[in-house]
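Asks: Before I ask anything, let me first share the structure, which is written out below as structure tokens.
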Amino acid sequence: MNQEFIRNFCIIAHIDHGKSTLADRLLESTGAVEQREMSAQLLDSMDLERERGITIKAAAARMLYHSNDGQQYQYNLIDTPGHVDFSYEVSRSLAACEGALLVVDASQGIEAQTLANVYLALNENLTLLPIVNKVDLPHAEPERVAKELERVVGFSREEVIFASAKDGIGTDMILEAIASRIPPPVGDSGSALKALIFDSKYDSYKGVVAHVRVVDGKVSSNSELHLMQTKTSFEPIEIGVFSPDMKPLPDLVAGEVGYIATGLKDVADCGVGDTITSAGDSLGDPLPGYRDAKPMVFAGLYPTDSDQYQDLREALERLSLNDASLVYEPESSDALGFGFRCGFLGLLHLEIVVERLEREYGLGLLTTAPGVGYEVVLTDGQDLFVENPSNLPNPSTIDEIREPWASIDVITPSRSIGQVMELTTSRRGKFLRMEYLEPESDVSPGEARVLLQYEIPMGEILVDFYDHLKGSTSGYASLDYQPAGYRAAELVRVDILVNGQAVDALSIITHRANANREGRLLVTRLRELIPRQLFDVPVQAAIGGKIIARETIRALRKNVLAKCYGGDITRKRKLLARQAEGKKRMKLVGSVEIPQEAFMAVLQLRSEE
5 MNQEFIRNFC IIAHIDHGKS TLADRLLEST GAVEQREMSA QLLDSMDLER
55 ERGITIKAAA ARMLYHSNDG QQYQYNLIDT PGHVDFSYEV SRSLAACEGA
105 LLVVDASQGI EAQTLANVYL ALNENLTLLP IVNKVDLPHA EPERVAKELE
155 RVVGFSREEV IFASAKDGIG TDMILEAIAS RIPPPVGDSG SALKALIFDS
205 KYDSYKGVVA HVRVVDGKVS SNSELHLMQT KTSFEPIEIG VFSPDMKPLP
255 DLVAGEVGYI ATGLKDVADC GVGDTITSAG DSLGDPLPGY RDAKPMVFAG
305 LYPTDSDQYQ DLREALERLS LNDASLVYEP ESSDALGFGF RCGFLGLLHL
355 EIVVERLERE YGLGLLTTAP GVGYEVVLTD GQDLFVENPS NLPNPSTIDE
405 IREPWASIDV ITPSRSIGQV MELTTSRRGK FLRMEYLEPE SDVSPGEARV
455 LLQYEIPMGE ILVDFYDHLK GSTSGYASLD YQPAGYRAAE LVRVDILVNG
505 QAVDALSIIT HRANANREGR LLVTRLRELI PRQLFDVPVQ AAIGGKIIAR
555 ETIRALRKNV LAKCYGGDIT RKRKLLARQA EGKKRMKLVG SVEIPQEAFM
605 AVLQLRSEE
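Below is the structure:
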């Protein structure tokens with residue numbers, strides 16, 4: 005098709021503002037999916053996405069649209085996630101498009117992630133099409149939200165489209181606006197092939213399937229192709245488009261979005277952000293790829309069955325192809341054996357990865373408590389990056405420890421400003437600025453929505469900050485965060501000793517001012533979680549060689565006198581003495597098995613407070 009009639013666009017929005025439902029209506033209205041095959045959130049194909057009601061992976065689909073003037077257009081849609089943990093998926097999708105549908109809930113208005121996605125789209129020079137969705141709700145305020153979009157983002161009132169993805173209201177206007185307002189792709193179909201890989205997945209029969217946007221040239225199924233970063237050549241098994249199922253085609257031309265089944269079995273040979281070109285034109289400049297996603301959260305994954313270690317390695321390899329933001333490296337623990345230290349974009353990302361490994365690959369996993377990474381400067385000037393608290397060097401060799409900070413945007417009703425400020429300052433947050441998104445005169449007292457910006461240590465918002473934020477604002481606040489570099493802090497490692505043995509997987513790094521309190525809370529929690537033995541088990545928290553807290557798990561007492569129905573007291577004393585001797589010997593040689601719940605106990609530190 006002529007490039008002039010191709011439109012590449014994605015849908016961006018805050019969580020639960022109706023992206024996937026709008027995608028359903030677009031597919032339905034253009035006839036890309038027959039009515040009998042239609043289902044809610046059609047592009048959310050993973051079981052996890054349907055169960056949780058969220059989009060985890062970006063999904064592409066091609067549609068053909070006949071405009072009001074009779075012209076046929078080719079629409080290439082990419083549906084994107086809304087959760088902050090999957091913003092990397094959004095940024096990759098934006099690079100493959102010329103425009104974006106910005107969806108905003110007619111009752112909730114602009115939220116933190118809405119603004120974050122707007123900034124991402126503007127950085128890519130995309131044309132934004134503002135849509136106020138869910139106008140059918142009884143408490144919808146479309147005019148108020150349209151004014152917000154005018155004031156905060158800078159749209160004119162005429163640009164805003166009112167719609168209800170659920171009822172199909174405004175769908176025709178959206179389809180027509182895509183044709184008239186989003187620019188066509190720019191590329192030369194007659195020049196050398198250049199195609200950008202914006203996503204990929206592994207197929208048992210077709211090998212690595214690369215999702216591509218053809219920028220220049222033409223790719224056909226009988227040509228030999230070359231990957232510029234990995235220097236790998238291959239002949240494609242299949243070329244096609246998503247409509248939304250995989251549909252083979254003889255070729256893809258400049259401006260189009262589709263897939264190339266490479267047949268490659270090694271997942272490392274075909275990375276997201278790589279450039280595909282013809283084997284004879286491999287000396288040109290590659291397309292600008294993507295910055296590597298920088299993990300913010302680290303946790304250890306260990307197989308419950310040590311025989312599954314190799315299976316876990318292979319599963320992580322394949323999953324990291326489909327999820328470029330997942331990083332991992334082998335590590336070993338005295339308590340847990342061999343496993344992997346993995347980096348994630350956030351706690352939801354961690355949760356999704358663990359669940360996918362267990363479901364899709366049949367693995368039994370033990371996950372250590374998540375934490376952030378630290379930059380450590382040694383006294384000899386050497387720099388280290390420490391992801392695992394147990395790897396922190398001896399304090400006498402450390403000159404400085406730097407922790408990661410985040411810049412957070414909180415949008416909340418003005419009545420909750422005090423609670424938000426109290427929460428963030430209690431987590432060592434630093435106030436930056438406050439901005440009213442709407443005049444207080446336009447709404448009820450206390451209902452004006454306010455944007456609060458803070459800088460705060462990443463470790464302080466990692467675990468339960470969002471839950472506390474929602475709780476203190478009656479569920480009305482929204483949160484978005486971005487990395488803000490590393491800063492020096494007075495941090496210490498708190499080690500946990502169980503029966504005199506340090507359990508490296510339970511170590512935590514915390515601010516010195518909080519160390520005693522968190523050590524006490526952790527050992528108290530572990531006393532409840534670790535099963536009782538036949539001997540007393542001390543659980544201690546220590547900083548270096550100094551014990552700062554201790555709890556004792558009392559021994560189970562077996563009644564060795566149950567068979568004694570009287571007789572000489574010396575017989576009973578002899579049995580009790582033998583029991584005491586056995587317990588003493590067991591304490592020396594016995595081991596304490598620590599359950600999964602104990603490794604996650606650190607997550608409840610704030611709740612216990």
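Here the sequence shown is numbered in this note's numbering, starting from 5 and rising by one per residue. For every residue, glycine included, the Cβ atom is placed at its ideal position computed from N, Cα and C. Since the model is a prediction, treat every value here as computed from it, not as a measurement.
Does the segment 12-20 come close enough to the segment 102-110 that 3 or more CB-CB pairs lie under 8 Å?
Replies: Touching, yes, given that three or more Cβ pairs across the two stretches are closer than 8 Å.
Asks: Starting from the N-terminal side, write out each stretch of the alpha helix (DSSP H) that is 4 residues or longer and does not extend beyond the segment 108-190.
Replies: 116-127, 146-152, 175-185
Asks: Below 7 Å CB to CB, which residues in the same chain sit around Val219 once its five sequence neighbours on both sides are set aside?
Replies: In the same chain as Val219, and ignoring 5 residues on each side of it, the C-beta atoms closer than 7 Å to its own belong to Gly191, Lys198, Ala199, Leu200, Ala258, Leu291, in chain order.
Asks: From which residue to which residue does the alpha helix (DSSP H) around His472 run?
Replies: 469-476
Asks: DSSP beta-bridge partners for Asn12?
Replies: Asn80
Asks: For Asp48 and Asp109, what's the separation of their Cα atoms in angstroms?
Replies: Note that Asp48 scores 49 on pLDDT, short of 50, meaning its location in the model is unreliable and no value can be drawn from it.
Asks: Can you look up Gln537 in the DSSP assignment and give me helix, strand or coil?
Replies: The DSSP-derived three-state label of Gln537 is coil.
Asks: Report the three-state DSSP secondary structure of Leu26 (helix, strand or coil).
Replies: helix
Asks: What number of angstroms, rounded off, separates the C-alpha of Phe121 from the C-alpha of Ile421?
Replies: Residue 121 is actually Asn in this sequence, not Phe. Answer to the nearest angstrom: the Cα atoms are 24 Å apart.
Asks: List the DSSP bridge partners of Met462.
Replies: Answer by DSSP bridge pairing: none, since Met462 is not bridged.
Asks: Can Tyr470 and Thr428 be called in contact, C-beta distance under 7 Å?
Replies: The answer is no: Cβ separation not under 7 Å.
Asks: Which whole-angstrom value describes the C-beta separation of Ser237 and Gly221, a residue pair presumed to lie in contact below a C-beta threshold of 8 Å?
Replies: Incorrect: roughly 16 Å between the Cβ atoms, too far for contact.
Asks: Residues bridged to Glu333 by DSSP?
Replies: Its beta-bridge partners are Arg345.
Asks: At which residues does the alpha helix (DSSP H) containing Gln423 begin and terminate?
Replies: Run containing Gln423: 421-430, per the alpha helix (DSSP H) assignment.
Asks: At a cut of 8 Å, does the segment 134-153 reach the segment 438-455 through at least three beta carbon pairs?
Replies: yes
Asks: Using 7 Å as the threshold, is the C-beta distance between Ala509 and Leu340 below it?
Replies: yes
Asks: Whose C-beta lies closer than 8 Å to the C-beta of Asp413 among residues of the same chain, with five residues either side of it excluded?
Replies: Ala116, Leu119, Ala120, Leu455, Leu456, Gln457, Leu483, Asp484, Tyr485
Asks: With three or more C-beta pairs closer than 8 Å as the rule, is the segment 534-544 touching the segment 572-582?
Replies: no
Asks: Using CA atoms only, rank isn't needed, just tell me which of Asp273, Pro307, Asp311, Gly366 is closest to Ser324.
Replies: Asp273
Asks: Exposed or buried, what is Thr371 when buried is set at 16 or more other beta-carbons lying within 10 Å of its beta-carbon?
Replies: buried
Asks: Ignore the nearest five residues each way along the sequence and tell me which others in Glu391's own chain have a CB closer than 6 Å to its CB.
Replies: Phe302, Arg345, Gly377
Asks: With C-beta atoms as the reference, is Val212 less than 7 Å away from Ile264?
Replies: no
Asks: I need the boundaries of the beta strand (DSSP E) containing Arg554, first residue and last residue.
Replies: 550-557
Asks: For Ile241, which three-state DSSP category applies?
Replies: coil
Asks: Pull up the DSSP beta-bridge partners for Glu318, would you.
Replies: Its beta-bridge partners do not exist; DSSP assigns none.
Asks: According to the neighbour-count rule (16 or more other Cβ atoms, all chains shown, within 10 Å of its Cβ), is Gln314 buried or exposed?
Replies: exposed
Asks: Return the chain-ordered list of same chain residues with a C-beta closer than 6 Å to the C-beta of Ala553, the five sequence neighbours on each side being excluded.
Replies: Gly523, Arg524, Val527, Ala545
Asks: Span of the alpha helix (DSSP H) holding Val358?
Replies: 351-365
Asks: Secondary structure at Ser324, three-state DSSP: helix, strand or coil?
Replies: Looking at Ser324 - three-state DSSP - the assignment turns out to be helix.
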